[in-house]
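What follows is a short report on a single structure.
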Amino acid sequence: MITRNRPSSRWSPHRLWPFPRRLTTKPKSNTFDRIHIERKYEFGRTLTPNEAFKRFCHEFHGIRPGKKKQEKTEEEVYARIEVEEYAKFRCNVILCG
294 MITRNRPSSR WSPHRLWPFP RRLTTKPKSN TFDRIHIERK YEFGRTLTPN
344 EAFKRFCHEF HGIRPGKKKQ EKTEEEVYAR IEVEEYAKFR CNVILCG
């Protein structure tokens with residue numbers, strides 16, 4: 294009679310998993326709800342989560358966006374700054390005048 298070396302059922306991959314399922318649930322305390330990380334652009338604008346992740350990936354991998362993409366984002370930022378400065382100037386003129 295030939296016998297095979299088969300692993301028993303007690304060595305299943307599910308038993309080798311080091312963490313029980315009950316430890317992977319959401320933490321009960323609300324300590325993480327009070328923490329808010331806000332990432333800022335060079336000119337003070339708040340980054341969206343996607344933009345922040347993209348910047349992190351570029352920095353981590355040592356790559357940069359293309360020249361045209363950089364120019365496009367710079368133009369958008371400068372246009373936004375001009376609009377904000379114009380609004381401040383106009384508000385000051387209306388309030389003072």
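Just so you know, we're using this note's numbering here: the sequence shown kicks off at 294 and counts up by one. Where a beta carbon is used, it is the ideal one built from N, C-alpha and C, also for glycine.
Taking 7 Å as the limit between beta carbons, can you name the residues of its chain near residue i, skipping five residues before and five after?
i, result
"Ile374", "Phe336"
Does DSSP classify residue i as helix, strand or coil?
i, result
"Thr339", "strand"
Excluding the five sequence neighbours on either side, which residues of its own chain have a C-beta within less than 8 Å of the C-beta of residue i, listed in chain order?
i, result
"Arg357", "His351, Gln363"
Name the DSSP beta bridge partners of residue i, please?
i, result
"Lys361", "In DSSP, Lys361 forms no bridge with anything."
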